[in-house]
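Have a look at the structure below before the remarks.
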Amino acid sequence: MSRCHSLTSCEDLKLGVPVEVSKYAKEFTKKGYVPYSNDVSVSWIQKIGKRFLCRTFAIRKYKNGSVTVAEIRRQFANETPMLCHTEYRCMGGWVHDHGAKWTSKGAYRYWGQNKNGGPFIGKILNMDVVIDKYFPYCAWYQSEANINFWEYIQIYMREPKVELLCKAGYSTFVTCIRCLNTNEKSLDKILKVKPKWVEYLKGKSYYHLMACRKSYVKTEEDADAIADVYSNKEALSMLKFAPKGMELRMCEYLHGQAFYKARFYNDYLTFRKELGYPLHERKYLFPDNLDQAHDEAWKKVKEVRDAKTNALIKEQYAQLIKYQFTDGDLLIRPAESCDELIEESKQMNNCVRTYAENYAKGITAIFFIRQCSRPDKSYVTLELKNKNVRQVYAFHNSKPNDAVMNFVKSWKKEFALT
1323 MSRCHSLTSC
1333 EDLKLGVPVE
1343 VSKYAKEFTK
1353 KGYVPYSNDV
1363 SVSWIQKIGK
1373 RFLCRTFAIR
1383 KYKNGSVTVA
1393 EIRRQFANET
1403 PMLCHTEYRC
1413 MGGWVHDHGA
1423 KWTSKGAYRY
1433 WGQNKNGGPF
1443 IGKILNMDVV
1453 IDKYFPYCAW
1463 YQSEANINFW
1473 EYIQIYMREP
1483 KVELLCKAGY
1493 STFVTCIRCL
1503 NTNEKSLDKI
1513 LKVKPKWVEY
1523 LKGKSYYHLM
1533 ACRKSYVKTE
1543 EDADAIADVY
1553 SNKEALSMLK
1563 FAPKGMELRM
1573 CEYLHGQAFY
1583 KARFYNDYLT
1593 FRKELGYPLH
1603 ERKYLFPDNL
1613 DQAHDEAWKK
1623 VKEVRDAKTN
1633 ALIKEQYAQL
1643 IKYQFTDGDL
1653 LIRPAESCDE
1663 LIEESKQMNN
1673 CVRTYAENYA
1683 KGITAIFFIR
1693 QCSRPDKSYV
1703 TLELKNKNVR
1713 QVYAFHNSKP
1723 NDAVMNFVKS
1733 WKKEFALT
């Protein structure tokens, strides 16, 4: 079966609105006009040749009692959806364009979206008929998978063993069918787990399935703990720091702390690794007071980072000091350290402190303009990049006075800057 349905052939399908869709639209209109509740989408599945086509229609009713029905989406099973271009109005909801052509461009917005931001499938009006006539053994009514019938039936058409999973109580794994070995016959081999986990996994999630495949998971309590971690992105990241055989202990430690601290713990481990601490030692891997240990580790990391940045800034300073200049009233000089950038940022109420890394790498250069009578008091901040003055700001990013701007002109002329 072709995986792609061309635009031309899709446009050539001259299909009218199904009678049942028109009837539904009339019934929808009878409910009367209700503000913000006058749009609905419904779908219809039909067989064309050997392929199944799902068509979605947008129905809109108006105050005068009229109703419009527009087909906004078509998709052959397991092929690329074709969308009828629509426009989005911020306060008005989804608005369809009746005269648009069919397109497969994903950049276009269209009527409605599902929870994952993908194509919306409205209520399928003839679902029961489709099941009875074409898929009597699909086990849709036994499924607990969090997907709509059209998504489910596409998976079923690719992999009929979905029926076995649903009837056996494992419908939650339908959406991760690719993680299973559907060439096998026994459930343990299909799920790729030891036989002892088969009963436990009934009704469980994908994360539980992945947990049961780990050799260090011995009990159901272990599997539950690991599944919780797998379902949390931040918590999952921490496992990359786990010494061999310590994964489960790390999960137990996080549960004992408070699960919302997953990012906190992940940051702590990152800091410790950056500082070169042996994470296989329990005292570093499982601190008694995570909050305190995190703050201490961050303080040390900051000291190390600042020391490295300061060393690089010193090198930049040595190269830029040649641009130091004064006219007797004002002076200009390059920033000498991270601490100076931080202090400048505080006094000037600007964000120059965030330029430390780029300054250290030589990407840009930061200069301070001071009054000669008060050389330690911040006055104006200047950025120089590739011998080009990029920014000159006084307090709170305000424009400097004429005296300062004339001084900058003299400085640029003195050193052939722009």
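Sequential numbering from 1323 applies to the sequence shown in the numbering used here.
We treat Cβ as the ideally placed atom computed from N, Cα and C, and that holds for glycine.
Being a predicted model, the structure only gives us computed values, none of them experimental.
(request) State the start and end residues of the unbroken beta strand (DSSP E) segment that holds leucine 1375. (result) As a position in the sequence shown, residue 1375 is number 53, starting the count at 1. Note, leucine 1375: beta strand (DSSP E), 1373 to 1383.
(request) With a threshold of 16 other CB atoms inside 10 Å of the CB of asparagine 1503, please say whether the residue is buried or exposed. (result) Position 181 of the sequence shown, counted from the first residue, corresponds to residue 1503. It is exposed - the Cβ of asparagine 1503 has fewer than 16 other Cβ atoms within 10 Å.
(message) If you follow the beta strand (DSSP E) that leucine 1653 is in, where does it begin and where does it stop?
(response) Stepping through the sequence shown from its first residue, residue 1653 is reached at position 331. Per DSSP, leucine 1653 belongs to the beta strand (DSSP E) from 1652 to 1656.
(message) Looking only at its chain, what residues have a beta carbon closer than 7 Å to the beta carbon of cysteine 1326, apart from the 5 residues adjacent to it on each side?
(response) For the purposes of this step, residue 1326 is taken as residue 4 along the sequence shown, with counting starting at 1. Reliability of the predicted coordinates at cysteine 1326 is poor, the pLDDT of 40 falling under 50, and the value obtained from them is presented with this limitation in mind. If we look at cysteine 1326 and ignore the five residues flanking it on each side, its Cβ neighbours are Glu1401, Thr1402.
(request) Look at the alpha carbon of threonine 1686 and the alpha carbon of aspartate 1651, and state the distance between them as a whole number of angstroms. (result) For this step, residue 1686 is matched to residue 364 along the sequence shown. For this step, residue 1651 is matched to residue 329 along the sequence shown. Rounded to the nearest angstrom, the gap between the Cα atoms of threonine 1686 and aspartate 1651 is 26 Å.
(message) Can you tell me whether aspartate 1613 is helix, strand or coil according to DSSP?
(response) Within the sequence shown, residue 1613 is the residue found at index 291, counting from 1. The answer is helix: DSSP assigns aspartate 1613 an H, G or I state.
(message) Alpha carbons only, please: which of Glu1665, Lys1668, Leu1513, Ile1654 is nearest the one belonging to phenylalanine 1729?
(response) Here the question's residue 1729 lines up with position 407 in the sequence shown. The residue from Glu1665, Lys1668, Leu1513, Ile1654 with its alpha-carbon nearest to that of phenylalanine 1729 is Ile1654.
(message) Please report the straight-line C-alpha distance between tryptophan 1519 and aspartate 1510, rounded to a whole angstrom.
(response) By 1-based counting over the sequence shown, the position of residue 1519 is 197. By 1-based counting over the sequence shown, the position of residue 1510 is 188. Using only the alpha carbons, I get a separation of about 8 Å.
(message) So if DSSP puts arginine 1311 in a beta bridge, which residue, or which two residues, is it bridged to?
(response) Because the chain in this structure spans residues 1323 to 1740, residue 1311 falls outside the shown range and cannot be described.
(request) Look up glutamine 1669 in the DSSP assignment and say whether it is helix, strand or coil. (result) On the sequence shown, position 347 is the one that residue 1669 refers to. Note: glutamine 1669 maps to helix in three-state DSSP.
(message) Rounded to whole angstroms, what is the Cα-Cα separation between leucine 1337 and valine 1362?
(response) Along the sequence shown, one-based indexing puts residue 1337 at 15. Along the sequence shown, one-based indexing puts residue 1362 at 40. When rounded, the distance between both Cα atoms is 20 Å.
(request) Return the residue from the list Tyr1474, Lys1352, Ala1399 that minimises the CA-CA distance to arginine 1305. (result) With the chain represented from 1323 up to 1740, any question about residue 1305 goes unanswered, as that position is not in the structure.
(message) I'd like the list of long-range same chain contacts for glycine 1675, defined as Cβ closer than 7 Å, with 5 residues on each side in sequence excluded.
(response) Translated into the one-based positions of the sequence shown, residue 1675 becomes position 353. Residue 1675 is actually arginine in this sequence, not glycine. Residues of the same chain with a CB within less than 7 Å of the CB of arginine 1675, apart from the 5 flanking positions on each side, are Leu1663, Ile1664, Ser1667 in chain order.
(message) Just list the residues that DSSP pairs asparagine 1710 with in beta bridges.
(response) If you number the sequence shown from 1, residue 1710 lands on position 388. Bridge partners of asparagine 1710: Lys1707.
(message) Can you list, in chain order, the residues of its chain with a C-beta nearer than 7 Å to that of alanine 1467? Leave out the 5 residues immediately preceding and following it.
(response) Residue 1467 sits at position 145 when you count from the first residue of the sequence shown. Around alanine 1467: Tyr1474, Ser1493, Thr1494, Val1496, Thr1497.
(message) Assuming valine 1515 and arginine 1535 are in contact, meaning their beta carbons sit under 8 Å apart, how far apart are those beta carbons, in whole angstroms?
(response) Here residue 1515 refers to the residue found at position 193 when the sequence shown is read from its first residue. Here residue 1535 refers to the residue found at position 213 when the sequence shown is read from its first residue. Between arginine 1535 and valine 1515 the Cβ distance is about 6 Å, and since that is below 8 Å, they are a contact.
(message) Rounding to the nearest angstrom, what Cα-Cα distance links cysteine 1488 and methionine 1404 in this structure?
(response) Along the sequence shown, one-based indexing puts residue 1488 at 166. Along the sequence shown, one-based indexing puts residue 1404 at 82. Spanning the two alpha carbons is a distance of roughly 30 Å.
(message) Closest to alanine 1547 by C-alpha separation, out of Val1452, Ile1691, Lys1566, Tyr1575, would be which residue?
(response) The residue you call residue 1547 lines up with position 225 of the sequence shown. Of Val1452, Ile1691, Lys1566, Tyr1575, the residue nearest in Cα terms is Tyr1575.
(request) Kindly indicate which three-state DSSP category tyrosine 1715 falls into: helix, strand or coil? (result) In the sequence shown, residue 1715 corresponds to position 393, counting from 1. Judged by DSSP in its simplified three-state form, tyrosine 1715 adopts strand.
(message) Using C-beta distances below 8 Å, list every residue in its chain close to lysine 1731, excluding the 5 sequence neighbours before and after it, in chain order.
(response) As a working note, residue 1731 is residue 409 in the sequence shown. Same-chain partners within the cutoff: there are none.
(request) Compare the Cα-Cα distances from glutamate 1679 to each of Phe1563, Ser1465, Thr1631 and report the closest residue. (result) Residue 1679 sits at position 357 when you count from the first residue of the sequence shown. Cα-wise, what sits closest to glutamate 1679 is Thr1631.
(request) Return the CA-CA distance between glutamine 1669 and phenylalanine 1717, expressed in angstroms with no decimal places. (result) If you number the sequence shown from 1, residue 1669 lands on position 347. If you number the sequence shown from 1, residue 1717 lands on position 395. Those two C-alpha atoms are separated by around 8 Å.
(request) Check each candidate in Leu1607, Asp1454, Lys1595 and name the one with the smallest Cα separation from glycine 1567. (result) On the sequence shown, position 245 is the one that residue 1567 refers to. Looking at the Cα atoms, Leu1607 is the closest of the given residues.
(request) Drop a sphere of 10 angstroms on the beta-carbon of isoleucine 1370, count the other beta-carbons inside from all chains shown, and report buried for 16 or more, exposed for fewer. (result) Counting from 1 along the sequence shown, the entry for residue 1370 is found at position 48. Sixteen is the threshold: since fewer than 16 other Cβ atoms of the shown chains lie within 10 Å of the Cβ of isoleucine 1370, the residue is exposed.
(request) Measure the Cβ-Cβ separation of phenylalanine 1398 and tyrosine 1456 and say whether it is below 9 Å. (result) Within the sequence shown, the letter at position 76 stands for residue 1398. Within the sequence shown, the letter at position 134 stands for residue 1456. Taking 9 Å as the Cβ cut-off, phenylalanine 1398 and tyrosine 1456 do not qualify as a contacting pair.
(message) What residue range does the alpha helix (DSSP H) around arginine 1535 cover?
(response) Here residue 1535 refers to the residue found at position 213 of the sequence shown. No alpha helix (DSSP H) contains arginine 1535, which DSSP labels as neither H nor E.
(request) With a threshold of 16 other CB atoms inside 10 Å of the CB of tryptophan 1433, please say whether the residue is buried or exposed. (result) Here residue 1433 is taken as the residue at index 111 of the sequence shown, counted from 1. Only weak support exists for where tryptophan 1433 lies, its pLDDT of 40 falling under 50; the value from the coordinates is given anyway. Flag for tryptophan 1433 reads buried.
(request) Go ahead and pull the three-state DSSP assignment for leucine 1345. (result) Mapped onto the sequence shown, residue 1345 falls at position 23. Here the sequence assigns lysine to residue 1345, which means leucine is not the residue at that position. DSSP places lysine 1345 in helix when its eight states are reduced to three.
(message) Please state whether the Cβ-Cβ distance between tyrosine 1538 and histidine 1530 is less than 9 Å.
(response) Position 216 of the sequence shown, counted from the start, is the residue given in the question as residue 1538. Position 208 of the sequence shown, counted from the start, is the residue given in the question as residue 1530. Taking 9 Å as the Cβ cut-off, tyrosine 1538 and histidine 1530 do not qualify as a contacting pair.
(request) Would you mind reading off the limits of the alpha helix (DSSP H) that contains valine 1451? (result) Taking the sequence shown and counting its residues from 1, one reaches residue 1451 at position 129. The continuous alpha helix (DSSP H) containing valine 1451 extends over residues 1449 to 1456.
(request) Report the residue ranges of all alpha helix (DSSP H) runs contained in full by the stretch 1495 to 1544; include only those spanning at least 4 residues, in chain order. (result) 1509 to 1513, 1528 to 1534
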